[in-house]
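Residue numbers (the working numbering): 186 to 597. Don't be surprised by glycine CBs; every beta carbon is placed ideally from N, CA and C.
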């Protein structure tokens, strides 16, 4: 299928998609190279097809998504990349899309920021049976990433992301609320969350922070703009890439994200769940996006003794261990520890809210709240010595930044 890769109303490049696989087979004329997805190199007038395919594939639902295999069988579709083509690649995270040759389609008529979209795909992804009538594939659910069950809903005219938790504890939705509460106390820009319930299961609910005029550029795409030297740490490489692009306040943002992730023992801050916002038309960088997607934390998949011991806690995106990653922080003076004094009570109120008792027992709650208070205490006592120990070596660097896979968790 011959298409034009569009960036809002701007024609970027001619591409040809394989009808069977959804992969980009060919890149033709490039009209606006500066509007190609970030990290797509152009050499001698030709775009890197492998890089563009990687970006295109990242727009599709991952094959490891919980319940996606059953959803594809229900939809009678071979792969999630075909779903991507069916909705013209439209997303609620950015302004890219594909316009089939001769279709006459326009951004204003199709985009999900201004136009309603179908619930059909979201319903199937959440386990509903296929409808008897023709399915409407016009949905941003076709371009949602991540391995947890999720969908988009229009509520009161606003776009909300609804996201589930993994078995056996379904803890991620509660963790999102807790992480947001901690960031509120520390003055860290963040996405607010609330817990919603459906058929007895908890889900996190957050409003889309991307608008019709802005777009989210994941940190992973920023890393693709330069080749990393073996003797440069992942942390320093990311800073170098941001500086080369003119992105401001990188170190101060990372300081706050690293501290937050230490406090909540976040295990899944890979490079696709934080990023930058930019103007979709002028391509000017607005700044780092508010912090989001902090649910895979607080021992979300562990038993209370494991939560207390913290022996199996993994870390991303820069170091394999939180204590090593904490050494990258340049400044702790912005932390007002007095504002964290009520964190234990706040967490307990979230974890004992109505409906949570099916997933949270007192022993688990004590382990979670106790471990967080212990990390805050360590941070309070060690901030000065950690600052003096700051280093940028490659020691303990993360080798592979990929999202957590929840498919191996036991069904409850």
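Asked                                                                                                                   : Found
Environment of residue 437 [buried if 16+ CB atoms lie within 10 Å]                                                     : exposed
6 Å Cβ shell around residue 499 - same chain, five flanking residues per side excluded                                  : 452
Buried or exposed by the 16-neighbour rule on C-beta atoms within 10 Å, applied to residue 595                          : Confidence in residue 595 is poor, its pLDDT being 36 and thus under 50, which makes the residue's placement too unreliable to answer from.
Three-state secondary structure (DSSP) of residue 482                                                                   : coil
Rounded straight-line distance, which links the Cα of residue 278 to that of residue 459                                : 12 Å
Member of 553, 538 and 514 whose CA lies at the smallest distance from the CA of residue 450                            : 553
Cβ-based neighbour list, residue 418, same chain, cut-off 8 Å, excluding 5 preceding and 5 following                    : 503, 577, 578, 579 and 582
Close-in-space but distant-in-sequence residues of the same chain around residue 193 (CB under 6 Å, 5 per side omitted) : 280, 292 and 465
8 Å CB neighbourhood of residue 593 in its chain, flanking five on each side removed                                    : Because the pLDDT at residue 593 is just 49, under 50, the model does not fix this residue reliably, and the point stays unresolved.
Buried/exposed call for residue 254, threshold 16 Cβ in 10 Å                                                            : exposed
Backbone CA spacing between residue 428 and residue 435 [nearest angstrom]                                              : 8 Å
Alpha helix (DSSP H) runs wholly inside the region 314-386, at least 4 long, in chain order                             : 357-371
Pairwise C-alpha distance: residue 287 and residue 479                                                                  : 43 Å
Distance, residue 406 Cα to residue 232 Cα                                                                              : 15 Å
First and last residue of the uninterrupted beta strand (DSSP E) at residue 463                                         : 460-464
Cβ pair count under 8 Å reaching 3, the region 389-408 against the region 549-569                                       : no
Residue closest to residue 468, alpha-carbon to alpha-carbon, out of 200, 218, 199 and 214                              : 218
Outcome for residue 376 when other beta-carbon atoms lying within 10 angstroms are tallied against a minimum of 16      : buried
Residues bridged to residue 192 [DSSP beta-bridge criterion]                                                            : 195 and 281
Residue span of the alpha helix (DSSP H) that contains residue 435, given as start and end                              : 435-448
Residue environment, residue 414, which counts as buried when at least 16 other CB atoms sit within 10 Å                : exposed
Beta-carbon proximity of residue 268 to residue 309, cut-off 8 Å                                                        : no
Three-way DSSP call (helix, strand, coil) for residue 548 in this model                                                 : helix
Contact set for residue 473: own chain, Cβ-Cβ below 6 Å, skip 5 residues either direction                               : 438 and 461
Any 3 or more C-beta pairs closer than 8 Å across the region 301-308 and the region 352-363                             : no
Alpha helix (DSSP H) segment containing residue 214, residue limits                                                     : Residue 214 -> not in any alpha helix (DSSP H); beta strand (DSSP E) instead, spanning 209-215.
Rounded C-alpha distance that separates residue 403 from residue 524                                                    : 30 Å
Close beta carbons around residue 471, own chain, < 8 Å, minus the five adjacent residues each side                     : 399, 461, 462, 463 and 464
Top-ranked residue by Cα proximity to residue 276, from 336, 551 and 390                                                : 336
Among 511, 366 and 191, the one whose alpha carbon lies nearest that of residue 532                                     : 366
At least 3 beta-carbon pairs within less than 8 Å: the region 208-226 vs the region 296-303                             : no
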